[in-house]
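In UniProt numbering, the protein residues as written are 1 to 140.
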Ligand SMILES: CC(C)(COP(=O)(O)OP(=O)(O)OC[C@H]1O[C@@H](n2cnc3c(N)ncnc32)[C@H](O)[C@@H]1OP(=O)(O)O)[C@@H](O)C(=O)NCCC(=O)NCCS
C-alpha cells in the first residue's frame with residue numbers, strides 16, 4: 001500500500017472521527033474529541049498531529065500535543081486494511097521527532113489496561129510502563 005503521511009488539519013475531522021468510531025477500544029470523549037475540541041488541540045499544537053492517506057482515504061491518525069514540559073500521544077489508530085506495514089511506527093517516529101524539536105524531555109501515552117495488542121505494539125516500539133509512577137486524575 002502506497003500511503004502518505006501528512007499534518008492533520010481540521011478538514012480531516014470527519015474522516016478521523018469515522019476511523020475512531022470504527023476502531024474498537026477507542027474511547028471517544030464528548031468534549032475533547034468533538035470538532036471544537038480537536039480544533040483547539042490543533043491550534044495549540046501546530047504541525048504535531050498526523051494523518052495517513054491511501055489516495056483519498058484516511059487510514060491512520062495520531063494526535064500529538066505538549067504542555068511545554070511533556071509531550072503526549074493519543075488516539076494512535078491505523079485502519080485494519082493498512083496494519084502490519086509499519087504505518088503506526090512511521091507516524092509515531094514523525095510525531096516524536098516533532099515533539100523533540102519542542103525541547104521536551106518525555107512523551108507519555110495511556111494504554112487501556114486490557115488492550116493487549118496496543119501493549120505489545122508499544123513495547124516492541126521501545127515504550128515501557130513507568131513502574132515508579134502512579135497516574136492520578138481528576139475529572140474537570
Ligand atoms: C496498534 C496499531 C496502531 C498498530 O498499527 P500498525 O500500523 O499495524 O503497526 P506497525 O505495522 O507500525 O507495527 C509496528 C510493530 O508493532 C508490531 N505489531 C503491530 N500490531 C501488532 C499486534 N497486533 N500484535 C503483535 N505485534 C504487533 C509489528 O509487528 C511491528 O513490530 P516489528 O517492527 O518488530 O515488526 C493498530 O493495530 C491499531 O490501530 N489498533 C487499534 C487501535 C489501538 O489499539 N491503538 C493504540 C491505542 S494506545
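The beta carbon of each residue, even a glycine, is placed where N, CA and C say it ideally should be.
I need the DSSP call for residue 91, collapsed to helix, strand or coil.
helix
Between residue 76 and ligand 1, is there a pair consisting of the residue's CB and a ligand heavy atom that are separated by less than 7 angstroms?
yes
Would a C-beta distance cut-off of 8 angstroms place residue 1 and residue 51 closer than the cut-off?
no
Less than 8 angstroms between the C-beta atoms of residue 115 and residue 47, yes or no?
no
Quick check: what's the CA-CA separation for residue 129 versus residue 98?
22 angstroms
Under 8 angstroms, do residue 82 and residue 31 count as touching if we go by C-beta distance?
no
Tell me the residue span of the alpha helix (DSSP H) that contains residue 41.
35–44
Does the beta-carbon of residue 85, which I'm using as the reference point, lie nearer than 7 angstroms to any heavy atom of ligand 1?
yes
Who are the Cβ neighbours of residue 42 in its own chain at under 8 angstroms, not counting the five residues just before and after it?
8, 9, 10 and 49
Hey, out of 139, 84, 126 and 6, whose CA is closest to residue 56's CA?
6
Any heavy atom of ligand 1 inside 7 angstroms of the beta-carbon of residue 89?
yes
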